[in-house]
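Asks: Quick one: this structure, given as structure tokens, is what I'll be asking you about.
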Amino acid sequence: MANKDLDKILARLAIYALLCCLLSASAFAKARNFANAKATLKQIYLDLGQGAWEDFYCQAPFIPKDNRLEILPSQKYTPRISSKKVQYIEWEHIMPAHRFGGELKCWQDNQNKNNKNLPKNAKSAKTSNSAKTTKSAQSSRKSCQKDALFRQMEGDLRNLVPAIDEINRDRRDFEYAIPPSELEFSQYGACRVYSDFAEAKFYPAEYSRGWIARTYLYMSKKYGIKLTDDEEYIMHLWDKQYPPSKRERAIREAIEHKQKWEETMQVLDEAKKLHRKSKNPRKKPYKNPRKLRNVFR
Numbered sequence: 048m049a050n051k052d053l054d055k056i057l058a059r060l061a062i063y064a065l066l067c068c069l070l071s072a073s074a075f076a077k078a079r080n081f082a083n084a085k086a087t088l089k090q091i092y093l094d095l096g097q098g099a100w101e102d103f104y105c106q107a108p109f110i111p112k113d114n115r116l117e118i119l120p121s122q123k124y125t126p127r128i129s130s131k132k133v134q135y136i137e138w139e140h141i142m143p144a145h146r147f148g149g150e151l152k153c154w155q156d157n158q159n160k161n162n163k164n165l166p167k168n169a170k171s172a173k174t175s176n177s178a179k180t181t182k183s184a185q186s187s188r189k190s191c192q193k194d195a196l197f198r199q200m201e202g203d204l205r206n207l208v209p210a211i212d213e214i215n216r217d218r219r220d221f222e223y224a225i226p227p228s229e230l231e232f233s234q235y236g237a238c239r240v241y242s243d244f245a246e247a248k249f250y251p252a253e254y255s256r257g258w259i260a261r262t263y264l265y266m267s268k269k270y271g272i273k274l275t276d277d278e279e280y281i282m283h284l285w286d287k288q289y290p291p292s293k294r295e296r297a298i299r300e301a302i303e304h305k306q307k308w309e310e311t312m313q314v315l316d317e318a319k320k321l322h323r324k325s326k327n328p329r330k331k332p333y334k335n336p337r338k339l340r341n342v343f344r
């Protein structure tokens with residue numbers, strides 16, 4: 048392709064980018080890691096208005112306050128651990144980091160390193176393993192921060208939802224599961240979720256199961272993450288049982304619009320880099336044949 052043709056394409060892309068900038072804040076173009084993704088999502092929810100200001104697991108209302116999203120007292124959620132501490136929104140990965148990062152080399156290398164440091168008489172109980180897995184996952188996440196694919200998955204807007212910080216901590220990286228029929232959902236007041244610390248499982252409310260399922264299926268398809276047999280069964284079941292609500296559709300559409308815009312900006316950045324390289328090619332060493340011969344004398 049001639050440089051003139053490339054210049055025309057870049058000019059058109061630049062005009063498109065400028066129009067998009069006028070229609071939306073430039074911060075939406077920066078969701079390339081977890082930190083930027085959180086800022087982007089906060090702005091998306093604020094722009095959607097109060098109809099979207101509910102946490103994911105309990106549908107408890109929240110409001111923006113002092114640069115944070117504060118949970119309002121309501122009958123929809125009662126803290127599991129009684130405290131006067133104000134609860135805030137944290138951004139929860141529906142598919143946890145150990146699931147989308149576990150197959151990466153950076154994660155596995157760190158896991159192997161941690162396993163070597165375990166004492167020989169380490170307990171094998173599930174409760175003990177749960178705590179160890181959480182600490183190990185946190186360590187592995189730090190080890191993978193330089194991996195471009197991990198950062199992309201960690202900052203994927205479609206896999207992040209607003210969750211009450213206590214429930215975010217309690218859920219950890221527990222797998223989602225179908226609750227036993229006799230289970231009493233009493234941990235968080237009227238909130239219909241349950242953190243099973245003994246079995247390292249989390250039982251979500253019916254109104255969030257479809258959203259969870261569609262997110263798992265999306266992450267699996269986009270990044271080639273192989274789901275377990277249990278995950279395949281549960282996610283396909285929930286996807287059919289619980290179709291998307293109007294609220295889910297509205298939030299997903301807003302997120303997809305912003306993420307597509309961010310991906311467009313990434314492509315534009317790469318095109319600009321290639322264009323600069325084509326205009327300023329590196330000088331080849333030993334251009335003079337006489338000098339080249341002198342090197343080998």
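Our numbering applies: residue 48 is where the sequence shown begins, and numbers increase by one.
Glycine is no exception: its CB is placed at the ideal position from the N, C-alpha and C atoms.
On a predicted model such as this, the values are computed, not experimentally measured, just so you know.
Classify E231: buried if its beta carbon has 16 or more other beta carbons within 10 angstroms, exposed otherwise.
Replies: So E231 ends up on the exposed side.
Asks: Do you know how far the Cα of T262 is from the Cα of S142?
Replies: First, the amino acid is wrong: residue 142 is Met here, not Ser. The straight-line gap from Cα to Cα measures roughly 7 Å.
Asks: Just verifying my parser: in three-state terms, what is the DSSP assignment at D243?
Replies: Looking at D243 - three-state DSSP - the assignment turns out to be strand.
Asks: Quick one: is R344 buried, meaning 16 or more other Cβ sit within 10 Å of its Cβ, or exposed?
Replies: Unreliable positioning characterises R344 in this predicted model, as indicated by a pLDDT of 43, which lies under 50. A coordinate reading is not provided.
Asks: Return helix, strand or coil for I302, following the three-state DSSP convention.
Replies: It is helical.
Asks: Can you name the residues that DSSP bridges to A210?
Replies: In DSSP, A210 forms a bridge with E137.
Asks: Would the beta-carbon of Y254 fall within 8 Å of that of Q90?
Replies: No, Cβ-Cβ distance for Y254 and Q90 is not below 8 Å.
Asks: Indicate the three-state DSSP secondary structure (helix, strand or coil) for F197 in the structure shown.
Replies: Helix, per DSSP.
Asks: Out of curiosity, what's the CA-to-CA distance linking F221 and I211?
Replies: Their Cα atoms are separated by approximately 16 Å.
Asks: Inspect the beta-carbon positions of P111 and L93 and report whether they are closer than 8 Å.
Replies: Yes, these two residues count as a Cβ contact at 8 Å.
Asks: Buried or exposed: where does I136 fall if 16 or more other Cβ atoms within 10 Å of its Cβ makes it buried?
Replies: I136 is buried by the Cβ-count criterion.
Asks: Figure out for me which residue from I118, Q185, D203 has the closest Cα to the Cα of E309.
Replies: Closest option to E309, Cα to Cα, is D203.
Asks: Out of P251, N159, K305, point me to the one whose CA is closest to S233's CA.
Replies: Out of P251, N159, K305, P251 has the C-alpha closest to the C-alpha of S233.
Asks: With DSSP as the reference, label E231 as helix, strand or coil.
Replies: It is coil, neither helix nor strand.
Asks: So what does DSSP say about L119, is it helix, strand or coil?
Replies: Correct three-state label for L119: coil.
Asks: For E150, which residues does DSSP report across the bridge?
Replies: E150 pairs with nothing; no bridge assigned.
Asks: Whole angstroms are fine: how far does the CA of F103 sit from the CA of I302?
Replies: The straight-line gap from Cα to Cα measures roughly 15 Å.
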